[in-house]
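Chains as they are written, first to last, in UniProt numbering: chain A, 1 to 528; chain B, 1 to 528.
Every residue, glycine too, gets a C-beta built ideally from N, C-alpha and C.
This is how it looks when you write it as C-alpha cells:
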C-alpha cells in the first residue's frame, strides 16, 4: 500500500535518490525507500496546480465542501493501517494518533461546513445610487476568491493534524486553492497514505489532478524550490524558527513576493497568580506536569515557562511539580534530531549559572525525552536572552519573581507567543487585569485556569500570535478564521447580471450571508 | 499657520536641515522651509506611538469613531487655506481638491460608522460543551485588536485622500493603531495643515499624544528608519514600484518582519469588445480620453492600456481618440520629478520600433503633461516587456489584436493590476465570459462599461490586486475592508466574565454583530 513514490497530481513518480523513515523507538531505518523529490518534481507539480487553479477556484461552495468531506471519509477508510504506520514513524501512542485522526477529519468537515455557510466568499454588495450628486454611485459587488496554488509544509509533531491533510491543507482547499504539500521526512509513509486518500478524493470528485500533489524529500533544496516557484502564491509552514525564517526570506526575495504563514516558536508562559497558588499549589503542579509531559512535550503550545511570585505557595508548587517530573516516564521523541536538540536545550539550562535544576524525569530508551524542570530568578531571566529560547520537548523553566511588578516586567519582556495562561482566583483579578493588556499584545490566545496544550478546532480559535510565534500575527492556523489567509477580494463594478459570479448575483442563489450597504442582507430577496 | 515644523505627538520639532516645496506650475520653491526629520525624530515618534498604543487600542468603538468624526470636522474647519496651499504645492485645480477633501472626510466618517458597527472587533464566540466526550469543549471567544503602531507613507498624487489623513491613516486609526505618517515632500504645507488638524482632534478627544505624528522630509533614510523601527508593526504605502519594493525589503529583513501594504504600479487594461466597438467607437474614444487625461493622468487607475481587435471599429476609435488627445490641453504635473519620468516613459514608447504614435496633446508650461496615445500590435506587446511598464501620466498604449484568442493571450500575459475594464454589449458576453476568469486573477476590480479612474469609498470596493499592483493582493487600501490589514485576532479561553473585553462579554454590551458557533448571534440576549 505504501510504495515510496511521490504523488504529483495523478502520477506516481519515482526519483533516483531515496531515503527511509526512522523508527525513533528503535533508532532503525524502516522500509520502504521514499523518492527524494527535487526542483524537477516541483516544476511538474506547480505546473499542474496552476493548470488546475482556474477550474478549482470556480467550483461552487457545495462542490468544495463535498470534496473536503470526502477527503475526511477517505482518511477514515485507511483504517488501522494509518495509525500503525504513524506509530512506527513517530513513536506516538495509538490513542493519541486516533484522537489526532479524529481532529483531522473533524477539521476537514468543519471547513466543509464553513464553505457551505459562505465563509469563503464573504460577499459584500453596495447599492448603486444613480441620483447621487455630484456623481452617481456605481453598482459594486465584492467576493473573495482563492489566492492561487499554496505550498504546505507538514510538521513533524502532528503527523496528521498539521501534516498532509492538516489545517493548512484544509483551509487552502476550502479557499479554492490547489495545494502542494512538502511532506515531513520523519513520517513519509503516513504522508503517502494520507496523500493517496486525498488523491482518491480528487479523482472521485472529478476535480483536476493538479488540485493536490505530495512531494517527499529531505532536502532544503526541495522546500526552497517550492517556495521560489512563481506559480506558488502563498505558503503555510509549521516548524522551527530557523526553518520558517528561511522560507520567509526566500518568499520575500522572489520577483513577486508572497505571504508565508509560518508558525515557529513559542514558550507559552503560564502565570500562577498568588491566591491561586496559595489555594491549590499541588493541584496546579499536577496539572502543569501533565501538560508539560504530554506527548513528550512536543507541542507548539507546551508550557515552557512558569511565572510566579516567591513564597510558600511557589515552594509547594515546586516541590509537588518536582516530584511529578521525577515520576514522569521518558517518552520516545519524534526523531533523533529532535531528541538531540532537546538534549542540547536542556544542557544549556543545566549549564547556566543562573538556573537551578528542580527535577529530571526517568531516563529513557533511544530518543527518550527525559522531562526537566528548572527554576531561576526573574532578574536573571530578564538579563539572559538564552533563558527564553524554546526547548522543544518536556522542559520548563520556572521564573521566581520578587513581587507583582516583577511579574509584569517578565510579561513585558516576553517575545510573541501562541498562548499565555493565567491561573487565578477572584482574589487575583486585580493583578490579572494588569497582566491582561500586556498579554494581549504578546499572545494569540489567553487562557484562564487551564493548560495550553489542547487547541480546539472551531470558529473562535486563534492558533497564532506575534513574532516569533508566527510570521504574521494577523492570522491563525487553526479554526475557520484560517481560511482568510488564502483568499483575496475581487470587486465587480456594473457587471451585467449574467456575467456576475453566483455569490454576488441578485436573488442570492447560493443563499450566502452577505453584507448589503454594510449591514447583513435581511433576506434572500432579489436586490432592486 | 504653516510653520515648517515636524509634528511629533504634541511637540513641534525643528530640525537643522530644511527643504522647500516646489510650485510645479512655476517651477519655483515656495515658503516656508520644512524641517528634514531623520532617525532621531523617528525614534521619538515611535516611542510615543508605542506608549500610546495600549491606551488607544483599549478605547471603545464609540470613542474611536467620535475621534475619526472629529478629524473630519477639523479638516473641514481648515477651510480654503487647505485648498489654496494644496493647489500651490500640487498644481491640481481647486474643484478637484475640494472633491478630494470631501472624499477624505467622507472616508474618515465611513470608518467611524464601520467601527461603530463592529467592523473592527469582528467578535466570535463558541459555546462551551461541558458534557462533550471524550473531552469537554472550553469557552472560547475571539475579538480583533490593533496590530500596533503603523507607518503610513503619503502619496504625491492624492495630497488629501492618500496622504496624511488618507485611507491608510483612517483604517489604521479605526483599527486602534497609532499612526506615524511620513508626509510626501511634494506637499509639506498641505501635510502640516492636515497633521495639525489630526493633532487637534487627538488633544480634544483626550487621547495620548503618541496616537499621531507627522514626519516631514525627503530622505530615503527617514522612510527606511521608520520601517525598520522595532515598534512599528505594519506599513501602508502608495507610490512607485521601486519605492514600495525597497520598503518591503527593509520590512522583510527586520529581526521581526512586518507586513507592508504597498500599492505600486498598475496600467489598468481596458478591453474594447467587438460589438461595443462597432456600436459606439466614438463615444468610447471620448470617454477614454476624458479618463486618460483627468488630472494629467496621475491616477493609480489611469487607463494605460487599451486592448481591441483590429477592424473598422478600432480604426474609428483610434481616429476619434487621436483627435481628442490632440485637443487635450497640457496640465501641470505634480512635481518636476514626475514630469521628468513621464517624459522619459513617453520617449521610450516613441523610440520603440514596435510602437506607432497615434497622437500627442498640446505642449504645456513648466512640468506640463502632454497627453500621448500610441498603438502597437499584440504580437509586439507579448514580445516586449517594456511595453507593459507603467508610464505615470496621461499616456496610453492601444494593443491591436488579430482575433479574440490574441486578446485572451494579452490578458493572460498581463501583470497584476488594480483594475481591468470591459466595454461590451450583450453580443460580447460570450467573449467577456472567456476573459473574466483570466481578469479575476489579474485585478482587484473588474468594471463593465465604465472607466477605472473613480474609486468609490464603500464596503464593496477593492483598491488592490496581485503583484505588482500591490505587495499583498489579500487586501485593499480603499473601503472598509481595509481595516483588516491592521487587525489581529485574540482568543480568550475560559476567562472570567469580569476580565473579558466588552466586545465578547455575555449580554453583548457593545451591541456588536457577533458570530456564535459560526452563525450570526440572533439577539443581544445574554448567552447562557
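Query, Result
"Proximal residues, the stretch 407-436 of chain A versus chain B, C-beta separation under 7 Å", "429, 432, 433, 436"
"From A:483, A:73, A:227, A:26, residue whose alpha carbon lies closest to that of residue 104 of chain A", "A:73"
"Member of A:67, A:254, A:392 whose CA lies at the smallest distance from the CA of residue 113 of chain A", "A:67"
"Whether residue 461 of chain A touches residue 438 of chain A by CB criterion (8 Å)", "no"
"One or two residues paired with residue 446 of chain B in a DSSP bridge", "A:492, B:420"
"Residue 307 of chain A versus residue 362 of chain A: straight-line alpha-carbon distance, rounded", "25 Å"
"CA nearest to the CA of residue 139 of chain A, picked from A:504, A:395, A:512", "A:504"
"The alpha helix (DSSP H) enclosing residue 310 of chain A, as first and last residue numbers", "Here residue 310 of chain A belongs to no alpha helix (DSSP H), and DSSP marks it neither H nor E."
"Reduced DSSP category for residue 398 of chain B - H, G, I as helix; E, B as strand; rest coil", "strand"
"Own chain, CB closer than 8 Å to residue 136 of chain B, minus 5 neighbours either side, in chain order", "128, 129, 130"
"Three-state secondary structure assigned by DSSP to residue 204 of chain A", "helix"
"Burial state of residue 471 of chain A, where buried means 16 or more other Cβ atoms lie within 10 Å", "buried"
"Under 7 Å by beta carbon: chain A residues contacting residue 137 of chain B", "456"
"Where the beta strand (DSSP E) through residue 144 of chain B begins and ends", "140-146"
"Inter-residue Cα distance where the pair is residue 164 of chain B and residue 181 of chain B", "6 Å"
"Cross-strand partners of residue 360 of chain A (DSSP beta bridge)", "A:372"
"Contact set between residue 492 of chain A and chain B, taken where Cβ atoms lie within less than 7 Å", "446"
"Own chain residues within Cβ distance below 6 Å of residue 493 of chain A, not counting five before or after", "138, 140"
"For residue 35 of chain B: DSSP bridge partner residues", "B:18"
"Range of the contiguous beta strand (DSSP E) that encloses residue 272 of chain B", "269-272"
"Sequence ranges, alpha helix (DSSP H) only - wholly within the stretch 166-248 of chain B, length at least 4", "167-175, 188-204, 220-228"
"Proximity of residue 268 of chain B and residue 24 of chain B at Cβ, strictly below 8 Å", "no"
"Any C-beta of chain B under 8 Å from that of residue 97 of chain A", "no"
"Residues bridged to residue 511 of chain A [DSSP beta-bridge criterion]", "According to DSSP, which records beta bridges pairwise, residue 511 of chain A is partnered with nothing at all."
"Three-way DSSP call (helix, strand, coil) for residue 8 of chain A in this model", "strand"
"Validate contact between the stretch 75-83 of chain A and the stretch 210-228 of chain A using beta carbons, cut 8 Å, 3 pairs", "no"
"Candidates B:313, B:203, B:188, B:172, of which the one nearest residue 260 of chain B by Cα", "B:172"
"Alpha helix (DSSP H) segments (min. 4 residues) lying fully within the stretch 285-336 of chain A", "312-327"
"Stretch pair the stretch 50-60 of chain A + the stretch 143-163 of chain A: three plus CB contacts closer than 8 Å", "yes"
"Under the three-state DSSP convention, the category residue 346 of chain A falls into", "helix"
"Spatial neighbours of residue 87 of chain B in its chain, beta-carbon cut-off 8 Å, leaving aside the 5 residues before and after", "93, 94, 97"
"Separation of residue 385 of chain B from residue 178 of chain B, as counted between CA atoms", "41 Å"
"Whole-Å CB distance - residue 398 of chain B paired with residue 372 of chain B, under 8 Å assumed", "Not a contact, Cβ separation roughly 11 Å."
"Residue environment, residue 430 of chain A, which counts as buried when at least 16 other CB atoms sit within 10 Å", "exposed"
"DSSP three-state assignment for residue 470 of chain A, whether helix, strand or coil", "strand"
"Heavy atom of the ligand ATP within 7 Å of residue 330 of chain A beta-carbon", "As far as ligands go, the structure on display features none, and thus does not contain the ligand ATP."
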